[in-house]
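Comments concern the structure below.
Residue numbers (our numbering): 10 to 213.
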């Protein structure tokens, strides 16, 4: 087989494979359970023609003592967080598991790290610092879900940066992350909502 023919076959195979990936991604995104999370933080990183962004939601830092009876979470362990919509329109964690839940909408991730606190120096009602620590048993779990990195256009990145610096009187920043969850809990970023306006990513 001539070199040109071999290269043509390789190029055709790569094109077909990329097409398969795009169609598979589009199907998973379209048929998953849509959830909306409040964006807590955003760290822009300039790269070439866009902005490599680090997105932070409440899922990255969870108080396991409020969500589960389990208290042993090791780095690398599977993590399943059951979610439910709240009165504010956002979805929030309602339970935490190391095994796949039998029902409900959930997101699948992994434990990045965890630690246990036995003392707390803040008032649980006011959040004010205390003169003496109070005894607690709090297990903090820090998770990753493959939703922390996002390539934003320059316009969207600037909108993120501007809006996240401007808190409403109630502390809201007006930015929501829109996800699609597969039956296995794998998350795909569909887009964002900024001040009630949905901006869904185009696949092509």
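Glycine included, C-beta positions come from ideal geometry on N, C-alpha and C.
The secondary-structure analysis by DSSP pairs residue 152 across a beta bridge with 120.
Within its own chain, the residues whose Cβ lies closer than 7 angstroms to the Cβ of residue 195, once the five positions on either side in sequence are excluded, are 117, listed in chain order. Restricting attention to 159, 43 and 149, the CA atom closest to the CA of residue 78 is found in 149. Less than 8 angstroms separates the beta-carbon of residue 88 from that of residue 152. Within the same chain, 89, 90, 91, 92, 106, 109, 190 and 194 come within 8 angstroms of residue 115 by CB-CB distance, once the 5 residues on both sides are set aside. The three-state secondary structure of residue 158, taken from DSSP, is strand. In this structure, residue 143 sits away from residue 74, with a CB-CB distance that is not shorter than 8 angstroms. Looking only at 187, 209, 49 and 83, the smallest Cα-Cα distance to residue 121 is reached by 83.
In summary, residue 98 is exposed, with fewer than 16 beta-carbon neighbours lying within 10 Å of its beta-carbon over all protein chains present. Annotation: the continuous alpha helix (DSSP H) that includes residue 165 extends over 163-173.
Bounds of the beta strand (DSSP E) holding residue 93 are 87-94. Counting only residues of its own chain and dropping the five nearest sequence neighbours on each side, residue 49 has a CB closer than 7 angstroms to the CB of 65, 66 and 67.
In the DSSP assignment, residue 200 falls within the unbroken beta strand (DSSP E) covering 196-203. Annotation: the continuous beta strand (DSSP E) that includes residue 184 extends over 184-190. Contact between residue 198 and residue 156 holds, since their C-beta atoms are separated by about 6 angstroms, short of 8 angstroms. In terms of CA proximity to residue 101, 47 leads the group 136, 201 and 47. For residue 103, the enclosing beta strand (DSSP E) stretches over residues 100-106. Taking the Cβ atoms as the reference, residue 103 lies roughly 25 angstroms from residue 127, outside the contact range of under 8 angstroms. In the structure shown, residue 112 falls within a coil segment according to DSSP collapsed to helix, strand and coil. Within the model, the alpha-carbon separation for residue 173 versus residue 188 is close to 19 angstroms. Assigned with DSSP and collapsed to three states, residue 76 falls in coil, not helix or strand.
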